[in-house]
Amino acid sequence: MTFLADELHAFGNAVMFFTRLRVPKSLRWSEALMQKAAGWYPLVGALVGALGAGVAWLSLQIFPPLIAAVLSTIATMLITGAFHEDGLADVCDAFWGGYTRDRVLEIMKDSRVGTFGSAGLGMVLLAKVALLDVVLSQPDWLRWGGVVVALIVVHTVSRAASVSLLRLLTYVRANDTVGAKSKPMATKVSIPRLVFALACGALPLVLFVEPRRIGAVISLCALAAVGLAVWFRKRIGGYTGDCLGAVQQLTEVIALAVLAAQVPAWN
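All the letters of the sequence shown, read from the start, carry residue numbers 1 to 267 under the working numbering.
Written out as structure tokens, the structure is:
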């Protein structure tokens with residue numbers, strides 16, 4: 001019972017940290033639980049994706065697919081407080097605006113958003129809306145199940161990809177007392193918890209998506225996560241919380257692109 005209780009509190013910590021949803025006042029918090037929560041990130045993504053799918057479904061009752069895609073995207077940003085989007089913008093500003101490791105880390109602490117951050121975030125949001133519009137524009141017999149599947153899949157897979165960085169890289173702000181907002185909830189993940197997170201991220205994909213798309217989503221998201229990990233290591237020697245947000249956002253777009261792709265062999 002203690003194990004199950006700890007895991008429930010760890011999941012609650014993940015929900016509290018990554019969303020604006022209310023959690024029970026009885027929720028326990030500790031550094032140990034925060035570290036355990038890393039394995040639950042994909043399931044938080046499933047929750048966010050399901051709520052976004054609900055907004056999309058309701059919107060489709062009265063609006064065309066494009067408007068529903070916009071409203072669903074707004075809803076997921078409101079649910080998470082644009083947490084991951086903020087990380088993506090900071091990474092774009094820092095990695096394209098800074099030429100040294102110290103300057104990159106300094107820019108990521110700055111709460112202001114610059115040209116690179118605005119451009120990068122704008123392009124990602126446009127891509128999400130456009131791709132989701134394609135999914136929502138499918139024939140009626142596909143649309144209702146397709147929107148739920150697509151949003152849950154992309155939000156779980158992308159968060160599993162971001163968890164992998166906790167194993168691949170070292171957290172670079174461990175001794176930095178400034179810029180605490182950028183500190184991720186967990187800074188390391190054990191192999192069993194990583195396996196659990198990856199399994200949770202892949203489960204909706206395996207259950208609801210056709211095999212050819214499964215392979216494409218997994219391979220492309222893995223390639224993107226590893227490629228970004230190599231880039232982060234080269235530029236700053238590891239990762240920050242903003243780096244995790246950037247990985248989540250970019251792999252979300254990649255996964256959604258594969259699901260929206262209209263390839264004859266897949267239809």
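Built from N, CA and C at the ideal position, the CB exists for glycine as well.
Bounds of any alpha helix (DSSP H) do not take in residue 22, whose DSSP letter is neither H nor E. The secondary-structure analysis by DSSP pairs residue 41 with nothing; it has no beta-bridge partner. Separation of the CB atoms of residue 224 and residue 134 is rounded to 20 Å, and the pair is thereby denied contact status at 8 Å.
Just measuring C-alpha positions, the residue of 29, 255, 31 and 33 sitting nearest residue 152 is 255.
When C-beta atoms of the stretch 18 to 36 are compared with those of the stretch 77 to 86, three or more pairs fall below 8 Å, so the two segments count as touching. For residue 15, the closest C-alpha among the options 201, 137, 214 and 41 is that of 41. Taking C-beta atoms as the reference points, residue 208 and residue 149 count as a pair closer than 8 Å. Here residue 162 is near residue 244, since their CB atoms are less than 8 Å apart. Segment contact: the stretch 88 to 99 against the stretch 107 to 115, three or more CB-CB distances shorter than 8 Å; contact assigned. In this structure, residue 99 sits away from residue 172, with a CB-CB distance that is not shorter than 8 Å. Looking at the DSSP output, residue 171 bridges to 239. When the beta-carbon positions are compared, residue 202 and residue 191 stay at least 8 Å from each other. Annotation: the stretch 181 to 254 contains the following complete segments of the alpha helix (DSSP H) (minimum length 4 residues), in chain order: 191 to 208 and 211 to 236.
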